[in-house]
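For what it's worth, numbering that gives the first Met the number 0 labels the leading residue of the sequence shown as 0, then goes sequentially.
In this text, a Cβ means the ideal position worked out from N, Cα and C, and glycines have one as well.
Bear in mind the structure is a predicted one, so any value in this text is a computation, not a measurement.
Before any comments, here is the structure.
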Amino acid sequence: MNNAAPDRYTLYGAPGSGAVPVHAALTLIGAQVEAVDVAPWENEAERERMAAINPMRQVPALVLPSGEVMTESAAMLIWLGDRYPEAQLCPAADDPLRAQYLRWMVYVPAAIYSMFWVHDVPSRLAPDPAAQQALIARTAARIAECWHLMDRELQGTTPYLLGENIGMLDLYVAVVSRWTPGRARFYREAPRLGEVVRRVDAEPRLARFWATRYPFTGEEATSQDL
Ligand SMILES: N[C@@H](CCC(=O)N[C@@H](CS)C(=O)NCC(=O)O)C(=O)O
């Protein structure tokens, strides 16, 4: 038995943010987490609170036990997966599923998560209100299309996306799929992924975590924008 004190992390984020899959992973790992709630998507003041920690003025940001600050949700999940192999949250470097794992762990932030920077504040790219409406609709449609493509292409296994154990990719998809265009549309576009995220929602080791850090309100089921 390992009697060492759990590693301590500080995680900047907020309920419903990209910090949630990282916090869920740390929960499964058994690390100690101090959560600092900041919601930069809400307003300029919240973005400014992040400026000294992350020059992108975004969450999540993770302070590692060494004191180093890490940004980028996928990088955090990959780093934590490798640091705690005993938690079995990712395929090891020599596992045949490692390439699939890295492919989709990068796809989620590159193809999908990045769309929200535009979708949530479309005036960043379009000053004209009509163009902003178009950006909102098109980014939401693009996100739906990307989920559909992932559902078709992921050479998955069951019951989780990469095999027997719940892992980083499952946690990531379970959270990001609750954002626009919402779970109802997600289930239609990505039925295979849909089965897995329902399993992740029901993971007994995360029941308390989901209830406190990202409770289901019914809102995530609605098909916003589409
Ligand atoms: N590439 C970053 C994206 C982070 C991100 O977009 N975070 C959102 C919250 S979920 C945010 O802080 N948005 C405020 C903004 O971009 O101004 C990551 O994967 O961690």
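My assumption, with CB atoms under 8 Å, is that residue 17 sits in contact with residue 58. Please give the rounded CB distance. Start at 1 with the first residue of the sequence shown, and residue 17 comes out as number 18. Start at 1 with the first residue of the sequence shown, and residue 58 comes out as number 59. About 7 Å; that satisfies the 8 Å criterion.
Euclidean distance between Cα positions of residue 225 and residue 179: Translated into positions along the sequence shown, residue 225 becomes position 226. Translated into positions along the sequence shown, residue 179 becomes position 180. In this prediction, residue 225 scores a pLDDT of 43, lower than 50, which makes its location untrustworthy; the coordinate-derived value is nonetheless stated afterwards. Roughly 9 Å separates the two Cα atoms.
Taking only runs that begin and end inside the region 155-188, name each unbroken alpha helix (DSSP H) of 4 or more residues, in chain order. As far as the region 155-188 is concerned, its whole alpha helix (DSSP H) runs of at least 4 residues are 167-175 and 182-188.
Between residue 72 and the rest of its own chain, which residues show a CB-CB distance below 8 Å, the 5 nearest in sequence each way excluded? On the sequence shown, position 73 is the one that residue 72 refers to. Excluding sequence neighbours, residue 72 sits near 17, 18, 20, 21, 59, 108, 112 and 171.
In angstroms, rounded to a whole number, what distance separates the CA positions of residue 119 and residue 3? The sequence position of residue 119 within the sequence shown is 120, counting from 1. The sequence position of residue 3 within the sequence shown is 4, counting from 1. C-alpha separation (whole angstroms): 43 Å.
At what residue ranges does the region 17-58 contain a whole run of the alpha helix (DSSP H), taking only runs of 4 or more? You should have 18-28 and 43-50.
Given 8 Å as the limit, is there contact between the region 23-41 and the region 81-90, that is, 3 or more CB pairs closer than that? Using a C-beta cut-off of 8 Å, the region 23-41 makes contact with the region 81-90, since at least three inter-stretch Cβ pairs fall below that distance.
Which residue comes first and which comes last in the beta strand (DSSP E) that contains residue 68? What you label residue 68 is simply residue 69 of the sequence shown in a count that begins at 1. Its beta strand (DSSP E) spans residues 68-70.
For residue 166 and residue 147, the rounded distance between their alpha carbons: Here residue 147 is taken as the residue at index 148 of the sequence shown, counted from 1. Here residue 166 is taken as the residue at index 167 of the sequence shown, counted from 1. Per the coordinates, the alpha-carbon of residue 147 lies some 21 Å from the alpha-carbon of residue 166.
Have a look at residue 186 and residue 106 and give me their C-alpha separation to the nearest angstrom. For the purposes of this step, residue 186 is identified with residue 187 of the sequence shown, where counting begins at 1. For the purposes of this step, residue 106 is identified with residue 107 of the sequence shown, where counting begins at 1. Their Cα atoms are separated by approximately 19 Å.
Cα-Cα, which of 204, 200 and 13 is closest to residue 45? On the sequence shown, position 46 is the one that residue 45 refers to. Among 204, 200 and 13, the Cα nearest to that of residue 45 belongs to 13.
May I ask you to check if the CB of residue 71 is nearer than 6 Å to at least one heavy atom of ligand 1? The count along the sequence shown starts at 1 and reaches residue 71 at position 72. Yes, Cβ of residue 71 sits closer than 6 Å to a heavy atom of ligand 1.
Quick check for students: name the residue ranges of the beta strand (DSSP E) that lie wholly in the region 64-130, counting only runs of 3 or more. Secondary structure in the region 64-130: the beta strand (DSSP E) runs of 3 residues or longer, each lying completely within the stretch, are 68-70 in chain order.
Kindly indicate which three-state DSSP category residue 225 falls into: helix, strand or coil? Position 226 of the sequence shown, counted from the first residue, corresponds to residue 225. Its pLDDT being 43, under 50, residue 225 is placed unreliably in this model, and the value from its coordinates should be taken loosely. Note: residue 225 maps to coil in three-state DSSP.
If I measure Cβ to Cβ from residue 149 and keep anything under 7 Å in the same chain, skipping five residues before and after, which residues do I get? For the purposes of this step, residue 149 is taken as residue 150 along the sequence shown, with counting starting at 1. Taking residue 149 as the centre and dropping the five residues before and after it, the same chain places the C-beta of 103, 106, 189 and 192 closer than 7 Å to its C-beta, in chain order.
Reducing DSSP to helix, strand and coil, say where residue 12 ends up. The sequence position of residue 12 within the sequence shown is 13, counting from 1. DSSP places residue 12 within a strand segment (E or B) once states are collapsed to three.
Compare the C-alpha of residue 38 against each of 15, 51, 54 and 24 and name the closest. Stepping through the sequence shown from its first residue, residue 38 is reached at position 39. Measuring from the Cα of residue 38, the nearest candidate turns out to be 15.
Spatial neighbours of residue 97 in its chain, beta-carbon cut-off 6 Å, leaving aside the 5 residues before and after: As a first step, residue 97 is located in the sequence shown; it is residue number 98 there, counting from the start. Counting only residues of its own chain and dropping the five nearest sequence neighbours on each side, residue 97 has a CB closer than 6 Å to the CB of 90.
Closer than 6 Å: is that where the CB of residue 58 sits relative to any heavy atom of ligand 1? By 1-based counting over the sequence shown, the position of residue 58 is 59. Residue 58 Cβ: within cutoff of ligand 1.
Return yes when at least one heavy atom of ligand 1 lies under 6 Å from the C-beta of residue 122, else no. Your numbering for residue 122 matches position 123 in the sequence shown. Here the distance from the Cβ of residue 122 to the nearest heavy atom of ligand 1 is not below 6 Å.
Compute every distance between the C-beta of residue 176 and the non-hydrogen atoms of ligand 1, then say whether any falls below 6 Å. Counting from one through the sequence shown, the residue named residue 176 turns up at place 177. No, the Cβ of residue 176 stays beyond 6 Å of every heavy atom of ligand 1.
From the DSSP output, in three-state form, read off residue 61 for me. For the purposes of this step, residue 61 is identified with residue 62 of the sequence shown, where counting begins at 1. The DSSP-derived three-state label of residue 61 is strand.
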